Amino acid sequence: MIEAGVSAESTKCLLIPSALARRVFFYITRCGHYFCNELYQFNCESEEGRVSSRKTFLLFFIRKGKMALVFDGHHYTASGGQVVLMDCRLQQQYHSLGELEFIWLHFDGANARSFYDEITRIHGTVFHVNDENMVYQAACNLVQSCVEPNSQSPYPEMQRSMKLMQFLSNLLLPRPVLKSPQNTLIESAQTYIQIHLSDQLRVSDLAREFGLSTSHFSRLFRETVGMPPYEYVQTMRLGRAKELLMTTTLAIREIAFQVGYTNETAFTSAFTEKIGVSPRYYRKLDDYLDL
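Numbering-wise (this note's numbering), the sequence shown opens with residue 61 and increments by one.
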């Protein structure tokens with residue numbers, strides 16, 4: 061076994077990007093195609109989790125089975141046909157829920173952060189894709205290009221960079237909209253939340269706004285979005301707060317009001333608990349996060 065819970069048929073590859081790749085290309089630092097049982101798990105606080113080549117962006121394509129994840133303080137479940145996209149500079153841990161097959165890529169470089177920010181803005185951390193087979197084949201090709209680079213090519217890093225950029229570009233495509241009343245209602249609720257972030261958004265008030273009981277609304281929201289409405293509201297608030305901290309000089313108190321907190325103390329407490337650092341310290345990380 062490569063790791064506990066990972067079968068011998070699995071593939072794993074570690075790469076050291078050149079200085080040129082780090083400056084101008086997309087690059088992969090490690091990748092693999094894993095077949096796992098229920099013993100597989102990973103925690104960023106482990107010795108392996110602190111390896112520098114893991115402090116990149118991480119993408120999973122779940123081929124079969126299910127995986128439970130905790131990322132940046134939020135809980136997710138990913139299943140067959142879904143993509144997971146995380147920034148491994150933030151807290152993360154995950155484990156298999158029984159038999160599991162997935163492809164994984166640690167990548168960075170070029171405008172990787174811009175791709176990450178835009179993909180997660182559109183789709184979130186865990187999401188379905190338009191064409192599962194296409195994504196699976198493209199992910200397999202990327203892993204294969206690392207395991208067995210084309211010996212005929214004088215520029216394998218450039219080729220991988222082009223493939224990775226195409227792969228990420230395809231993930232930017234909006235997923236198919238399921239024309240069900242449930243999805244339409246929840247999408248409307250998500251839009252309403254994003255427009256009214258500065259308001260006091262209680263779940264009971266949201267349910268009333270869309271003509272449902274609190275319990276029914278909460279159940280539909282969780283089934284559709286993958287997290288309960290109160291957690292989604294907080295995620296959107298803190299996401300907007302991070303954007304304002306990085307792109308404006310607004311006072312912390314003003315940012316707190318703009319994202320729906322009644323005072324700076326409550327905002328700072330919530331931000332620190334979920335993000336891991338205070339808003340003031342996060343603002344100072346701007347240069348580091350853009351590396």
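C-beta: ideal position from N, C-alpha, C; glycine also.
On a predicted model such as this, the values are computed, not experimentally measured, just so you know.
Under three-state DSSP, which class holds residue i?
i	result
GLU105	coil
GLU69	coil
HIS256	coil
ASP265	helix
LYS115	coil
ILE88	strand
ALA311	coil
ILE246	helix
TYR348	Here TYR348 scores only 47 on pLDDT, less than 50, and its place in the model should not be relied on; the value that follows carries that caveat. Reduced to three states, the DSSP call for TYR348 is helix.
PHE270	coil
ALA128	strand
TYR94	strand
Suppose you measure from the CA of residue i to the CA of residue j; what does that come to, to the nearest Å?
i	j	result
CYS73	HIS93	9 angstroms
ILE179	LEU80	26 angstroms
GLY65	SER264	43 angstroms
PRO216	PRO209	7 angstroms
LEU118	LEU202	14 angstroms
LEU231	TYR154	22 angstroms
VAL195	GLU314	42 angstroms
LEU304	LEU233	26 angstroms
ASP191	GLY336	36 angstroms
MET296	MET287	12 angstroms
ALA9	THR251	Absent from the model: residue 9. The displayed extent of the chain is 61 to 351, so no value can be given.
GLU324	CYS96	45 angstroms
SER113	LEU165	11 angstroms
GLN204	PHE331	40 angstroms
PHE281	ASP132	20 angstroms
PHE277	SER221	43 angstroms
MET61	LEU99	Model confidence at MET61 stands at a pLDDT of 45, short of 50, so the residue's coordinates are unreliable; what they give is reported in the following sentence. Taking the straight line from one Cα to the other gives about 11 angstroms.
Where do the N-terminal and C-terminal ends of the beta strand (DSSP E) with residue i fall, by residue?
i	result
GLN204	First-last for GLN204: 192 to 207, but that is the alpha helix (DSSP H), not the beta strand (DSSP E).
LEU160	152 to 169
LEU145	142 to 147
VAL189	Counting along the chain, VAL189 falls outside any beta strand (DSSP E), and DSSP gives it neither H nor E.
If contacts are defined as beta-carbon pairs under 8 angstroms, then residue i and residue j qualify, I think. What distance do you get, rounded to the angstrom?
i	j	result
VAL319	ALA301	5 angstroms
LEU129	GLN152	7 angstroms
MET127	SER156	6 angstroms
CYS200	LEU75	Contact doesn't hold; Cβ gap of about 17 angstroms is too wide.
Please tell me whether, using a cut-off of 7 angstroms, the distance from the CB of residue i to the nearest non-hydrogen atom of the ligand PLP is below it.
i	result
GLU159	The ligand content of the structure shown is nil, which means the ligand PLP is not present either.
How is the alpha helix (DSSP H) around residue i delimited, first residue to last?
i	result
ALA138	Careful: ALA138 lies outside any alpha helix (DSSP H), inside the beta strand (DSSP E) at 134 to 139.
THR322	Counting along the chain, THR322 falls outside any alpha helix (DSSP H), and DSSP gives it neither H nor E.
GLU178	172 to 183
LEU304	289 to 307
VAL285	274 to 285
PHE227	216 to 231
PRO77	Taken as a continuous stretch (DSSP letters only), PRO77 belongs to no alpha helix (DSSP H), as it is neither H nor E.
Segment contact, 8 angstroms Cβ cut-off, at least three pairs: the segment 137 to 154 with the segment 121 to 128: The answer is yes - the segment 121 to 128 touches the segment 137 to 154, with three or more Cβ pairs under 8 angstroms.
Cβ contact check for the segment 167 to 185 and the segment 74 to 89: 3 or more pairs under 8 angstroms: Yes, they touch.
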